[in-house]
Amino acid sequence: MLAVRDWLYGRGALKSRALPCPVVSIGNLTVGGTGKTPAVEVAVSTLTALGRRPAVVSRGYGRKGGGIHVVADAAAIRLDAEDAGDEPFLLARRLPGVPVVVGANRYEAARLAIERFGVTAIVLDDGFQHRTLRKDLEIVMVRAQRPWGNGRLLPGGPLREPLSALTRAHLVVASGASRPEDAEAVIATVAAHAPGVPVLTATYVPAECWEAARMRPTSLGALRGRRLVAFAGIASPRTFSRTLEEAGLASAAFEAFGDHHWYSAADLAALGGRAAQLGADGLITTEKDWIRLRRLPLPDRPLYVLSVRLVLRSGEAAWRTAFERVCSAA
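Here the sequence shown stands for residues 58 to 387, numbered as in this note's numbering.
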């Protein structure tokens with residue numbers, strides 16, 4: 058079905074609808090864990106620096122209900138995570154003053170953002186497979202390590218589309234790579250399927266850390282030397298584990314949950330019990346996980362929350378040039 062759809066779009070039998078402002082899509086070719094959410098933040102920051110007023114549009118995976126809804130406007134966050142989806146809610150928290158709109162119909166959601174808030178650019182979260190909306194800049198995120206898994210399409214593998222779909226990309230960003238040498242598998246694949254498309258590298262670095270019970274900032278230095286039980290319900294838990302290691306934080310244990318897992322009181326009680334059993338000093342999780350557990354009774358031991366941001370390590374000029382191109386053309 059994907060091949061038929063792409064053939065129809067390629068021949069003009071199916072047409073994408075255009076918006077009166079630049080549309081930047083952040084997406085991927087594989088399921089989950091490639092850094093789309095922090096890349097959306099970087100895209101918003103870049104557009105703002107170029108004089109645009111961006112909004113974020115997302116499907117809102119995992120939210121209750123449907124329809125088009127404003128998660129956040131310029132003044133405040135208007136929906137809770139359950140109604141917004143955990144990732145749009147996280148983006149609303151991390152991007153104060155930037156409208157965030159969710160809706161399965163991304164075109165209509167973007168139209169609402171333009172008409173209601175007067176935005177002059179749209180950042181489309183998880184938009185690579187969304188062909189009904191015309192996009193001016195396609196950014197594909199991919200893990201530097203084992204980027205394509207077993208190379209098979211869903212459900213036999215992690216690929217959402219064949220690798221030939223890379224021809225639609227304008228930029229490919231290999232996350233978890235400090236240097237181009239760390240992304241050799243990505244570079245080779247892009248060269249084979251989409252020669253000429255720049256491959257950038259990026260890593261995750263800690264942004265903020267706080268103790269959940271008191272919402273009190275905590276330095277990473279204060280946590281070094283403490284034994285912590287780490288846990289995460291994200292698409293790539295190993296990425297969080299690696300971030301902790303690189304920050305010099307020791308994990309007494311690491312507990313992985315399913316992606317987008319909504320925690321129960323029993324889950325937190327079990328995690329607290331595990332920390333007590335190991336004699337750990339506390340627990341640590343991601344900001345995205347904290348969003349899904351923040352209303353629950355917390356364990357007796359301190360729970361720390363670590364947020365991360367994406368930093369480009371190579372290809373900054375290609376990134377900036379691509380954004381300047383779409384902003385000057387519109």
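Ideal Cβ placement from N, Cα and C applies to all residues, glycine included.
These figures come from a predicted structure and were not determined experimentally.
{"Query": "Work out the CA separation of A129 and V101 for me, nearest whole Å.", "Result": "15 Å"}
{"Query": "Counting only runs that start and end within the segment 276-344, where is the beta strand (DSSP E) found for 3 or more residues in a row?", "Result": "284-289, 307-313, 339-343"}
{"Query": "Use the C-beta contact count for P215: other C-beta atoms within 10 angstroms, 16 or more gives buried, fewer gives exposed.", "Result": "buried"}
{"Query": "Distance check for G108 and F185, CA to CA, integer angstroms please.", "Result": "25 Å"}
{"Query": "Would you list the one or two residues that DSSP bridges to G84?", "Result": "V197"}
{"Query": "Just reading off the alpha helix (DSSP H) that D130 is part of, what are its end residues?", "Result": "Neither: D130 is in no alpha helix (DSSP H) and is coded neither H nor E."}
{"Query": "Give the secondary structure of L363 by DSSP, where H, G and I count as helix, E and B as strand, and everything else as coil.", "Result": "strand"}
{"Query": "Quick check on P388: buried or exposed, where buried means 16 or more other Cβ atoms within 10 Å of its Cβ?", "Result": "Coverage of the chain is limited to positions 58 through 387, which leaves residue 388 absent and any answer about it impossible."}
{"Query": "Since A170 is in the beta strand (DSSP E), which residue starts that stretch and which ends it?", "Result": "Counting along the chain, A170 falls outside any beta strand (DSSP E), though it belongs to the alpha helix (DSSP H) covering 163-174."}
{"Query": "For I179, which three-state DSSP category applies?", "Result": "strand"}
{"Query": "Can you look up L220 in the DSSP assignment and give me helix, strand or coil?", "Result": "helix"}
{"Query": "Would you call the segment 198-215 and the segment 226-242 touching, i.e. three or more CB-CB distances under 8 Å?", "Result": "yes"}
{"Query": "Based on DSSP bridge pairs, tell me the residues matched to E268.", "Result": "R273, Y361"}
{"Query": "Could you tell me the boundaries of the alpha helix (DSSP H) in which P95 lies?", "Result": "93-106"}
{"Query": "Taking the alpha-carbon positions, what's the A167 to V88 distance?", "Result": "24 Å"}
{"Query": "Quick one: Cα of A313 to Cα of P274, how far?", "Result": "25 Å"}
{"Query": "So, for V243: in the same chain, excluding its five sequence neighbours on each side, which residues have a beta-carbon less than 7 Å away from its beta-carbon?", "Result": "V199, A201, P204, V229, A231, V256"}
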